[in-house]
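Everything on this sheet refers to the single structure shown next.
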Amino acid sequence: MTKLQPEIRCGKLTKLPLLQSPVFPGKKMCGIFAISSNNTTTNQSTIDGLKKLEYRGYDSWGIAFRENEKVITQKFVGKISDNKKEFSASSETIGHSRWATHGSVTKENSHPHSVGKITLVHNGIFENFQDHKNSFKNYKFISETDSEVIALMLDEEFKKINNLDHENIIQIIKNICQQITGRFAIVFMVENFPGIFAVRRGSPLIIGKNENETYIASDIPAFLAKTNIVNYLDDNEIVSNSPKYIKSVFQKNFYKYFEEKRILNNESDRIGKQPNIYSVGEINRISRAPLRLTTQFHIDQDGRPVERKDFD
Ligand code: GLU
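First residue of the sequence shown? That's 43 in my numbering, and the numbers climb one at a time after it.
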């Protein structure tokens, strides 16, 4: 099969080989799916979305969600569809299906990882993690993963701040990313601070929104049943999600725009059911359908979406 790198910007799903992920074909990668919602059904929806990412391959999985003031984490080795556990209601959830790179397949090593105020999922490889791990002599690591080191590095910085706000959280994320080499997608929640934060470099992250919810995922099938308003994070782009808005600090002046992909209903149904099967015909139909800019959001400094007239 020819190896082609798909064009992943601007909803153009072109040049794809058969039977592969529309984002990075032919790779074994973990899945990330996170929801911030006005409803309290995000736990089940996150699990449903993770199932749609099963084609990426995984050995264990987990979710973290807000319950009152706390962030609760549940982890499992094995298949998501074997789960019998019922989860309580929550309006913010992050989920992860792991493809182990650092440490064996155990519940402790599966994600999310919690350290102090931070609960995090990570896709990718933190190449210089050992150097950083060695510098935390007094911390007892629960897992063997590179990912827990990122959670610890973040938490160490959070501990230094008395009044957390978006500005200082974003600054912390930037600082930590500068210390990490390798490819990553990181999504995390902060105890007692609403919203979900995400950043990527090399590994894919896609965002989506509808009226009541915002999504962050490794790939479109996770939330295709819920919206076709999507966008792709740039390398080093940081976003903060709430039910109503996605705030990007990488784009100029905190705006993030969306392009509506004109995916016909019957096509999205089919893709949703068989997320690993994208025939060339399907992709061509999707990519040839007229792309229309219908929704443009300019996020002001208070996080309110305002319509954006110019577009660059
Ligand atoms: N390096 C991390 C781990 O081994 C993340 C692997 C993944 O992308 O699933 O847990």
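Virtual Cβ for every residue (Gly too), placed ideally from N, Cα, C.
- Minimum Cα-Cα distance from N254 among the listed residues F178, F200, E190 and N283 corresponds to N283.
- DSSP links V113 through a beta bridge to R108.
- Under the three-state reduction of DSSP, H153 is assigned to coil, being neither helix nor strand.
- Annotated three-state conformation of S79 is strand, per DSSP.
- For I136, the enclosing beta strand (DSSP E) begins and ends at E134 to R140.
- The beta strand (DSSP E) runs lying completely inside the segment 192 to 216 and spanning 3 residues or more number zero.
- The segment 127 to 141 makes contact with the segment 80 to 95; the number of CB pairs closer than 8 Å reaches 3 or more.
- The distance from the Cβ of I228 to that of V241 is about 5 Å, consistent with a contact at the 8 Å cut-off.
- DSSP places H174 outside any beta strand (DSSP E); the residue lies instead in the alpha helix (DSSP H), whose first and last residues are F171 to S177.
- Relative to the non-hydrogen atoms of the ligand GLU, the Cβ of N165 comes within a distance shorter than 6 Å of at least one.
- Counting C-beta atoms within 10 angstroms of its own C-beta, E279 has 16 or more neighbours from the protein chains shown and is therefore classed as buried.
- A distance of 7 Å or more separates the beta carbons of I192 and H153.
- K201 counts as exposed, since fewer than 16 other C-beta atoms from the protein chains shown sit within 10 angstroms of its C-beta.
- The three-state secondary structure of P285, taken from DSSP, is coil.
- Between I160 and G224, the C-beta gap is not smaller than 7 Å, which leaves the two residues out of contact.
- In the structure shown, E279 falls within a coil segment according to DSSP collapsed to helix, strand and coil.
- The C-alpha of G104 lies about 9 Å from the C-alpha of I89.
- Secondary structure of K126 (DSSP, three-state): coil.
- The count of Cβ pairs closer than 8 Å, one atom from the segment 265 to 275 and one from the segment 104 to 117, stays below three, leaving the stretches out of contact.
- In the structure shown, R225 falls within a coil segment according to DSSP collapsed to helix, strand and coil.
- Minimum Cα-Cα distance from E233 among the listed residues H174, W141, G158 and Y181 corresponds to G158.
- In the DSSP assignment, T161 falls within the unbroken beta strand (DSSP E) covering I160 to G166.
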